[in-house]
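S.K.:
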Amino acid sequence: MTTANLLDFDLAGLAAFCERLGEKRFRAVQLFRWIHQKGASRFDDMTDLARSLREKLPGVCEIRPLKVMAQQESTDGTIKWLFDVGDGNAVEAVFIPEDDRGTLCVSSQAGCAVGCRFCSTGHQGFSRNLSTGEIVAQLWFAEHFLRKHLKTSERVISNVVMMGMGEPMQNYSALVPALKVMLDDHGYGLSRRRVTVSTSGVVPMMDRLAQDVPVALAVSLHAPNDELRDNLVPLNRKYPLAELMAACLRYLPAAPRDFITFEYCMLDGVNDQPEHAQQLLALIRGQGPFYRGPSVPCKINLIPFNPFPDSGLRCSPRPVVLAFAEVLHAAGIVTTVRKTRGDDIDAACGQLAGDVLDRTDAARRMAERRVTEVRPVRVLRSPS
Ligand code: SAH
Ligand code: SF4
380 MTTANLLDFD LAGLAAFCER LGEKRFRAVQ LFRWIHQKGA SRFDDMTDLA RSLREKLPGV
440 CEIRPLKVMA QQESTDGTIK WLFDVGDGNA VEAVFIPEDD RGTLCVSSQA GCAVGCRFCS
500 TGHQGFSRNL STGEIVAQLW FAEHFLRKHL KTSERVISNV VMMGMGEPMQ NYSALVPALK
560 VMLDDHGYGL SRRRVTVSTS GVVPMMDRLA QDVPVALAVS LHAPNDELRD NLVPLNRKYP
620 LAELMAACLR YLPAAPRDFI TFEYCMLDGV NDQPEHAQQL LALIRGQGPF YRGPSVPCKI
680 NLIPFNPFPD SGLRCSPRPV VLAFAEVLHA AGIVTTVRKT RGDDIDAACG QLAGDVLDRT
740 DAARRMAERR VTEVRPVRVL RSPS
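Per the numbering used here, numbering through the sequence shown is continuous, rising by one, with the last residue being 763.
(1) Based on Cα-Cα distance, which residue from Q450, F505, I639 lies nearest to G545?
(2) Do S486 and G566 have their C-beta atoms within less than 9 Å of each other?
(3) Are I414 and L386 closer than 9 Å when you measure CB to CB?
(4) Which residues end up in the neighbourhood of the ligand SF4 when you take C-beta atoms closer than 5 Å to any of its heavy atoms?
(5) Looking only at its own chain, which residues have a Cβ that is under 6 Å from the Cβ of R534, when we skip the five neighbours before and after it?
(6) Could you say which of A395, S431, D463 lies nearest to V735 if we only look at CA atoms?
(7) Find out if the Cβ-Cβ distance for the pair V598, S579 is shorter than 9 Å.
(8) Report the CB separation of S499 from F687 in whole angstroms; it is logged as a contact under 8 Å.
(9) Does DSSP classify I679 as helix, strand or coil?
(10) How many angstroms separate the CA atom of G697 from the CA atom of Q451?
(11) Just verifying my parser: in three-state terms, what is the DSSP assignment at R399?
(12) Give me, in chain order, the residues of the same chain whose beta-carbon lies closer than 7 Å to that of A710; leave out the 5 immediate sequence neighbours on both sides.
(13) Reducing DSSP to helix, strand and coil, say where N508 ends up.
(14) Along the beta strand (DSSP E) that carries V470, what are the first and last residues, could you check?
(15) In its own chain, which residues sit with a C-beta less than 7 Å from the C-beta of G512, not counting the 5 before and 5 after it?
(16) Taking the runs of the alpha helix (DSSP H) that are 4 residues or longer, which of them lie wholly in the region 409 to 459?
(17) Could you give the distance in angstroms between the alpha-carbon of C495 and the alpha-carbon of I679?
(18) Pull up the DSSP beta-bridge partners for N384, would you.
(19) Quick check on this structure: which residue in R671, R507, L600 has the alpha carbon closest to the alpha carbon of V581?
(20) Could you check the C-alpha separation between N550 and F520 for me, to the nearest Å?
(21) Helix or strand or just coil, what does DSSP make of Q658?
(22) Round the Cβ separation of T714 and A704 to the nearest angstrom and send it over; I've been treating them as touching at under 8 Å.
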């Protein structure tokens, strides 16, 4: 029998585990606090646990960290870790310090099966889902490493974004308990507003997340019409814009904020023209050809494309990004342009590559799509 990894459990799961060992629920709370609030990895250190329990635990379970293969620090204070997850796979997590917050960007899969054109992880293909324990271990390690590093006993990470490698909604059963650990007052005690799941648009799981753990939601849009989005985010062929917009509306009543964040990666000559901005407005107002319905309360986050080798794409020039933002802004849509952080260590959005034992032949498929699918910009005009 393999030893249980206590990082795999949310509090309810740990309570059930303790019960199977003949222990009371409050023991689970104690253990959980030792692990997540104090960063303990050895049962001997958990001084207020009954000695009998401390002696029982090592035979049946452990706190299994991820092996750190590399740590890189950017000149802007961003820190990136590469974690070994076995079998030739490695995933990355990134800490981004800002004046008023500390954000950890966490990976959910080794690779990604969605295969977006502009994403380095997508180009690597998919190896496997991370377990809950492997998702939580990134936060557990980073938080307690940073406390030591910064010589503080205060919490360092205030925000988590599921924006590292992988599509979190395609690893839903591991994601949910991991989110619960992040939110639990006996765990990391993060507010629901400060934990964000980013998705390329797995519609059924958006509905389930609203029921199970309604945290903040970011939707990676990247295109204002189905033809372009089919090309950039292949999942659009399964869940086209009309379905995606309707799912955003359904999510909102449960969401901790009264808007959805739409992410839009700015690609030179591909999706960054004034006509695209107009189409995007029509889309979110529910007045375009791709979605008709109530307008979707949202903020738009424009992400300058972060290049990586062989992408075949370029970032939109700064004036183009600003002009695009201005069209949205003038129409009353809150629009931000994301500051690029950590690009000197390849830690910016979409540059996370880790190491993935590709089981999906992504490199060949991407190469084929580059030849057959990238057309010159063609703007579909909306009727308005
Ligand atoms: N799979 C999820 C979360 C991980 S990607 C998703 O797609 O939402 C996190 C964000 O980085 C997404 O908005 C994604 O579209 C964006 N991104 C991916 N590659 C990028 C690149 N090369 N430059 C800028 N942003 C990128
Ligand atoms: Fe996967 Fe997100 Fe990258 Fe698309 S952008 S390939 S969904 S990680």
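Every residue gets a Cβ at the ideal spot worked out from N, C-alpha and C, and that includes glycine.
M.R.: Concretely, from the data shown:
(1) Within the sequence shown, the letter at position 166 stands for residue 545. Checked all of Q450, F505, I639; the closest Cα to G545 is F505.
(2) The count along the sequence shown starts at 1 and reaches residue 486 at position 107. The count along the sequence shown starts at 1 and reaches residue 566 at position 187. No, Cβ-Cβ distance for S486 and G566 is not below 9 Å.
(3) Reading the sequence shown from its first residue, position 35 is the one you call residue 414. Reading the sequence shown from its first residue, position 7 is the one you call residue 386. Yes.
(4) Counting every residue whose Cβ lies closer than 5 Å to a heavy atom of the ligand SF4, we get C491, V493, C495, C498, T500, G501, E546, S579.
(5) Within the sequence shown, the letter at position 155 stands for residue 534. Close CB contacts of R534 within its chain, under the 6 Å cut and outside five residues either way in sequence, are absent.
(6) In the sequence shown, the residue the question calls residue 735 occupies position 356. Out of A395, S431, D463, the CA that lies nearest to the CA of V735 is found in D463.
(7) Here residue 598 is taken as the residue at index 219 of the sequence shown, counted from 1. Here residue 579 is taken as the residue at index 200 of the sequence shown, counted from 1. Cβ distance < 9 Å, so V598 and S579 count as in contact.
(8) Position 120 of the sequence shown, counted from the first residue, corresponds to residue 499. Position 308 of the sequence shown, counted from the first residue, corresponds to residue 687. S499 to F687, Cβ: 4 Å. Contact.
(9) In the sequence shown, counting from the first residue as 1, residue 679 sits at position 300. The three-state reading of DSSP puts I679 in strand, counting E and B together.
(10) Looking up residue 697 in the sequence shown gives position 318. Looking up residue 451 in the sequence shown gives position 72. According to the sequence shown, residue 697 is Arg rather than Gly. Here the alpha carbon of R697 sits roughly 28 Å from the alpha carbon of Q451.
(11) Locating residue 399 in the sequence shown gives position 20, counting from the first residue. DSSP, read as helix, strand or coil, puts R399 in helix.
(12) One-based indexing of the sequence shown puts residue 710 at position 331. Correct list, in chain order: L660.
(13) Within the sequence shown, the letter at position 129 stands for residue 508. For N508, the three-state secondary structure derived from DSSP is strand.
(14) Residue numbering aside, residue 470 sits at position 91 when the sequence shown is read from its first letter. DSSP places V470 in the uninterrupted beta strand (DSSP E) bounded by 469 to 477.
(15) Translated into the one-based positions of the sequence shown, residue 512 becomes position 133. Excluding sequence positions up to five before and after G512, its CB lies within less than 7 Å of the CB of N384, L386, D387, R443, all in the same chain and listed in chain order.
(16) Those alpha helix (DSSP H) runs which fall completely within the region 409 to 459 and span 4+ residues are 430 to 439.
(17) Residue numbering aside, residue 495 sits at position 116 when the sequence shown is read from its first letter. Residue numbering aside, residue 679 sits at position 300 when the sequence shown is read from its first letter. Approximately 19 Å, taken between the alpha carbons.
(18) Along the sequence shown, read from residue 1 onward, the residue named residue 384 stands at position 5. E441, per the DSSP bridge assignment.
(19) Within the sequence shown, residue 581 is the residue found at index 202, counting from 1. Nearest option by C-alpha distance: L600.
(20) Translated into the one-based positions of the sequence shown, residue 550 becomes position 171. Translated into the one-based positions of the sequence shown, residue 520 becomes position 141. Answer to the nearest angstrom: the Cα atoms are 21 Å apart.
(21) Position 279 of the sequence shown, counted from the start, is the residue given in the question as residue 658. DSSP places Q658 in helix when its eight states are reduced to three.
(22) Counting from one through the sequence shown, the residue named residue 714 turns up at place 335. Counting from one through the sequence shown, the residue named residue 704 turns up at place 325. T714 to A704, Cβ: 5 Å. Contact.
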